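A short worksheet on the structure shown next.
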Amino acid sequence: MTDTTTKTRPTRPAAVVLTPSAEARIAKLMSQAPEGAIGVKLSTPRRGCSGLAYSVDYVTEEAKFDEKIETPGGLFYIDGASVLYLVGSTMDWVEDDFTAGFVFNNPNAKGACGCGESFTV
């Protein structure tokens, strides 16, 4: 006899940990989001002198293989093709007198270009 019960995988930690500051920024972005936006998405497009860059944008629909993280301020997605490069990372939002932006602590990054625009894995 064949076992036809559905098996579920144990819950696994999110690929990226969001700091409270990053979660607050996502909430602010979602409060100002354009119509149709369902969340904010992190991806790692090929760009810059080191190969990959971090990109955070609004998203209007879920993609099949994206990872979805529910935050207090809205949905945060990680591009399915980027998860491998981001596992174990921490995403923070940092502001000072002159700059503001998301900052990534990525244990998979083996190097970065001099300007900090891109990274290698």
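The sequence shown runs 5 to 125 under the numbering used here. Idealized CB from N, CA, C, for every residue including glycine. Keep in mind it's a predicted model, so treat the numbers as computed, not measured.
Using three-state DSSP, classify residue i as helix, strand or coil.
{"i": "A104", "result": "strand"}
Quick check on residue i: buried or exposed, where buried means 16 or more other Cβ atoms within 10 Å of its Cβ?
{"i": "S78", "result": "Note that residue 78 corresponds to Gly in the displayed sequence, not to Ser. It is buried - the Cβ of G78 has at least 16 other Cβ atoms within 10 Å."}
{"i": "A104", "result": "exposed"}
{"i": "S47", "result": "buried"}
{"i": "D83", "result": "buried"}
What is the C-beta distance between residue i and residue j, in whole angstroms, given that I count them as a contact (C-beta under 8 Å)?
{"i": "K72", "j": "E66", "result": "7 Å"}
{"i": "A28", "j": "V63", "result": "Not a contact, Cβ separation roughly 19 Å."}
{"i": "S93", "j": "P111", "result": "7 Å"}
With which residues is residue i paired in a DSSP beta bridge?
{"i": "N109", "result": "T94"}
| task | For the segment 32-99, list the alpha helix (DSSP H) runs that are entirely contained and at least 4 residues long, ordered along the chain. | result | Those alpha helix (DSSP H) runs which fall completely within the segment 32-99 and span 4+ residues are 87-90.
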